[in-house]
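Participant: Each residue of the sequence shown is one higher than the one before, counting from 12 in our numbering.
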Amino acid sequence: MDRELYGREAALHDAGLVARLSGLTKHGASRVPFEHGDDPPVTVFTGGRGTGKTALLKEVRNRYRGYTPLALLDCAHIEPPADHGPGWTPLTGALSELAVQLSPKVLGARPVRFPRLSLGLVAVASLGWSQEDDERARRDLQRLGPLLATVDPTRGAATHWVGKVLAKLAATFAEATVPLAGLLAEATVETVLEEVFGRLQRASEAWYGTYRNAGGRGKAGLQQLAIDFEQGGRRRAEAEGFLVGALTEDLLHPYVGIRRGGRIGRPLVLLDNAHEPLGRQLVEPILRARAEGRRDRAVVLATSRVREHEGLRHATRTRLPETAHRAPCPRDARVGSGILAVELTPLSPSQTRSAFDRHDPAGRIPAELARAVHRLTGGRPLGVALLGRAAGEAPEQLRAGLTPGGLLDLTVEVREDAPPVPVAPTLLAELLPVRRPGPYAVLAAAHDEESARMLAHARLQGESLDGDVALRVRDQLRSEDWQEGPGHFVADPLLRALLLHRLRFEDGDDPRYTAWRAVHETLHRHYGPGPGPYRLHHDLALGRTEEAVTHLRVTFPEQDVLGWLGRLRFIAAAPHPRERNRTGPDPRRALALGQGPPGDLPPGLDADTTELHLSVRRLLHAVWLLTDPLALPDDEVADRLAHELRRLSGRHLTGSGSLWDAATHWPRDIRAWRELSLPPGREDGV
């Protein structure tokens, strides 16, 4: 069954990018004209964590598996076998895995065989073998069984050939005064050719005659390959690149000659996390060969979490929606120009709504919840999917009052065979898979690198003995390609919200919230002693609002009204110290609407100043509530916001125009899910 991949139709529909590259619609239903002829680009889907890269590759696998040769490999997770010899590297392990996945029979065509790759990996497997430890050689050879079974399943899957190889190696050791990689490789290859390869397949050895110093002699090329592999450094890189060429050459063979009519489409090689070093080791030899004019027929679809990766510097860049009907990739002399880098775009608000409707078809959750989740997540598919599922699984008594913050407090069933898991920690672990998220949660309260380093010095001294914790966290966020921006040390709204949720609720100390209070009190002192906007921002995070109201009331008559509005906006951007699983209206709502008694007032205020103080208090709470990404919009509070700003406009002697404009534009900004614009009405919302 196809997965719901909202916003990915440009890649997956029957005339989409993958169909035009592979020449097949999903499930092999029909042929599609090749967009790039016999020279398809390596297509790299880019985007941060949670943008749907892995889900897209898995859906390609699900739709095309069994209809064309296909393999999916995660370049970040190649597990080394236990006690392997020096002939195993992540690259050789990856090549073997790719070949085994690509080999099964597909609709209307025979299995793909990999004799050239098998010989190359057999040759390098012999490195490090010794006469005293034939058990290591036995294990290394047996691990090659699945690969050799692609050449001849009846022979490769058996193990009798292993004993014959070991016997030949023993003779080689006896004859040689010093074990050499080339001699061991030759002995191993000769036995495998005799015992596993058929008569026609033995000709594949000749392909290695093109290797360095081989002079057209296949065995000499395999010997040199093993020697270079053992040498390491640049020589090993050359040998590994040639092994990648062996894979693509084997994959090409069934598509040429008289047998090509039995195959339609092209094979698919799917490489997840190709920004890792292994990804470049696999992709760059293919690109170099194509730049030299060799055609291999393989369609390589890869993903990269790093948008500005060095390997993509010469790529043609485009966005996913732009590839729906055509995806040009002009080439030049640079090898990297053979890459088409496709940025995965966020989901649109309507696509987020569709995802929520799928989990809540009866419409029992608040109408604005999906749009509020889109604001919080920025349309990041992983966040939308998990929060949408949480909304659909929420207890009946909670659904009508759900907010984005309330969704973070819930549990969700991710897998049918596992118990429900808490939403916020699960989503955080997916977006920031670090061993210790605690320091990240502390530093999420900081505004910039300076305040983060101060906070780390005050609160995280035990976290690192060999470096600045804040700079380590900064570098980790950069390596994960998380956005940077002014005003927040952790700039992404969703990641920051999840880290602050952890800071408040994961210490198990509610209602005291010791960790939350300690962090914000530290920042409060750092920005003291005067009532500046940063200090007042942390006052609000601690649940204290009166000093902020007093400061805004006292500074209201000043001429710089835009500066006053900017301070109001910044102070009210503080995270709300909410309670987990709280039911009923947000406590800020009553204060914004002026409901209930006026509460404590500063002493010595006359009637006019008291009226101004209460108006500023209502305005501050309205802005705080309406701009909170964990809350829902409230039309009544937005109307009250406009009312208070108009009243203040009438009180100000010189800045009435800016206040009046804010009364007009800020409610529009809120209803359009935009940041409060400054100056009010400015199109870019700054």
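The beta carbon of each residue, even a glycine, is placed where N, CA and C say it ideally should be.
(1) Under 7 Å, do P126 and Q242 count as touching if we go by C-beta distance?
(2) Please report the straight-line C-alpha distance between L331 and R19, rounded to a whole angstrom.
(3) For M465, collect the residues of the same chain with a Cβ closer than 7 Å to its Cβ; drop the 5 residues on either side in sequence, then sort them by chain order.
(4) May I ask which residues mark the beginning and end of the alpha helix (DSSP H) holding V71?
(5) Under 8 Å by Cβ, that's how I've got A134 and A196 pegged, so tell me the actual separation to the nearest angstrom.
(6) Below 7 Å between beta carbons: does that hold for S129 and L159?
(7) Can you tell me whether A257 is helix, strand or coil according to DSSP?
(8) So, at 6 Å on beta carbons, what are the nonlocal neighbours of L604 in its own chain, with the 5 sequence-adjacent residues on each side left out?
(9) Entirely within the segment 525-573 and at least 4 residues each: give me those alpha helix (DSSP H) ranges in chain order.
(10) Based on the DSSP output, what are the partners of F56 in its beta bridges?
(11) Report the option in A649, V255, W684 whose CA atom is closest to the CA atom of P640.
(12) How big is the Cα-Cα spacing for A467 and H531?
(13) If you draw a straight line from the C-alpha of G702 to the C-alpha of E70, how long is it?
(14) The beta strand (DSSP E) with D85 in it runs from where to where?
(15) Please classify S141 as buried or exposed, where buried requires at least 16 neighbouring CB atoms within 10 angstroms.
(16) May I have the straight-line CA-CA distance separating A87 from S490, to the nearest angstrom?
(17) R658 bridges to which residues according to DSSP?
(18) Look up H499 in the DSSP assignment and say whether it is helix, strand or coil.
(19) Please return the same chain residues whose Cβ sits closer than 6 Å to the Cβ of A352, not counting the five positions on each side in sequence.
(20) The alpha helix (DSSP H) spanning V484 covers which residue range?
(21) Could you give the DSSP three-state label for A207: helix, strand or coil?
(22) By how many angstroms is the C-alpha of N224 removed from the C-alpha of V189?
(23) Quick check on L118: buried or exposed, where buried means 16 or more other Cβ atoms within 10 Å of its Cβ?
(24) Report yes or no: do the segment 309-316 and the segment 283-297 share at least 3 C-beta pairs separated by less than 8 Å?
(25) Straight-line CA distance for W527 to A401?
(26) Expressed to the nearest angstrom, what Euclidean distance is found between the alpha-carbon atoms of L711 and H171?
(27) Is the Cβ-Cβ distance between T414 and A642 less than 7 Å?
(28) Starting from T329, trace the beta strand (DSSP E) in both directions and tell me its first and last residue.
(29) Okay, do the segment 71-86 and the segment 275-287 touch, 3+ Cβ pairs below 8 Å being the bar?
(30) Using 7 Å as the threshold, is the C-beta distance between P568 and E558 below it?
(31) I'd like the list of long-range same chain contacts for D680, defined as Cβ closer than 6 Å, with 5 residues on each side in sequence excluded.
Facilitator: Taking the definition as stated:
(1) Working through the sequence shown from its first residue, we reach residue 126 at position 115. Working through the sequence shown from its first residue, we reach residue 242 at position 231. The answer is no: Cβ separation not under 7 Å.
(2) Against the sequence shown, residue 331 aligns to sequence position 320. Against the sequence shown, residue 19 aligns to sequence position 8. Looking at the two C-alpha atoms, the distance is approximately 8 Å.
(3) By 1-based counting over the sequence shown, the position of residue 465 is 454. Contacts found: H537.
(4) Taking the sequence shown and counting its residues from 1, one reaches residue 71 at position 60. Segment 64-75, the alpha helix (DSSP H) holding V71.
(5) Within the sequence shown, numbered from 1, the residue matching residue 134 stands at position 123. Within the sequence shown, numbered from 1, the residue matching residue 196 stands at position 185. A134 to A196, Cβ: 4 Å. Contact.
(6) Here the question's residue 129 lines up with position 118 in the sequence shown. Here the question's residue 159 lines up with position 148 in the sequence shown. Cβ atoms of S129 and L159: closer than 7 Å.
(7) Indexing the sequence shown from 1 puts residue 257 at position 246. DSSP places A257 in helix when its eight states are reduced to three.
(8) Your numbering for residue 604 matches position 593 in the sequence shown. Correct list, in chain order: R651.
(9) 525-537, 544-552, 557-566
(10) Taking the sequence shown and counting its residues from 1, the one referred to as residue 56 is at position 45. DSSP output for F56 lists T314, V353 as bridge partner(s).
(11) To locate residue 640, count along the sequence shown from 1; it is residue 629. Selected option, being the one with the closest Cα: W684.
(12) Here residue 467 refers to the residue found at position 456 of the sequence shown. Here residue 531 refers to the residue found at position 520 of the sequence shown. A467 and H531: Cα-Cα distance of roughly 13 Å.
(13) Because the chain in this structure spans residues 12 to 697, residue 702 falls outside the shown range and cannot be described.
(14) As a first step, residue 85 is located in the sequence shown; it is residue number 74 there, counting from the start. That run of the beta strand (DSSP E) goes 81-85.
(15) Position 130 of the sequence shown, counted from the first residue, corresponds to residue 141. Burial call: exposed.
(16) Residue mapping note: residue 87 aligns to position 76 of the sequence shown, counting from 1. Residue mapping note: residue 490 aligns to position 479 of the sequence shown, counting from 1. Taking the straight line joining both Cα atoms gives about 14 Å.
(17) As a position in the sequence shown, residue 658 is number 647, starting the count at 1. Bridge partners of R658: none, in fact.
(18) As a working note, residue 499 is residue 488 in the sequence shown. Of the three classes helix, strand and coil, the one that applies to H499 here is strand, per DSSP.
(19) Counting from one through the sequence shown, the residue named residue 352 turns up at place 341. Answer for A352: V55, T57, L323, A326, R328, listed in chain order.
(20) Against the sequence shown, residue 484 aligns to sequence position 473. First-last of the alpha helix (DSSP H) with V484: 480-490.
(21) Counted from its first residue, the sequence shown places residue 207 at position 196. One point to set straight first is that residue 207 is Val, not Ala, in the sequence displayed. Three-state DSSP puts V207 in coil, outside helix and strand.
(22) One-based indexing of the sequence shown puts residue 189 at position 178. One-based indexing of the sequence shown puts residue 224 at position 213. Because V189 carries a pLDDT of 48, less than 50, the predicted location of this residue cannot be relied on, and the following value inherits that uncertainty. Each residue's alpha carbon lies about 22 Å from the other.
(23) Taking the first residue of the sequence shown as position 1, residue 118 is located at position 107. Label assigned to L118: exposed.
(24) yes
(25) Within the sequence shown, the letter at position 516 stands for residue 527. Within the sequence shown, the letter at position 390 stands for residue 401. The alpha-carbon atoms of W527 and A401 are separated by roughly 25 Å.
(26) Beyond the ends of the chain as shown, which are 12 and 697, falls residue 711; an answer cannot be given.
(27) Counting from one through the sequence shown, the residue named residue 414 turns up at place 403. Counting from one through the sequence shown, the residue named residue 642 turns up at place 631. Cβ atoms of T414 and A642: closer than 7 Å.
(28) In the sequence shown, the residue the question calls residue 329 occupies position 318. Here the beta strand (DSSP E) through T329 covers 327-330.
(29) yes
(30) Taking the first residue of the sequence shown as 1, we reach residue 568 at position 557. Taking the first residue of the sequence shown as 1, we reach residue 558 at position 547. The answer is no: Cβ separation not under 7 Å.
(31) Residue mapping note: residue 680 aligns to position 669 of the sequence shown, counting from 1. Excluding sequence neighbours, D680 sits near L687, S688.
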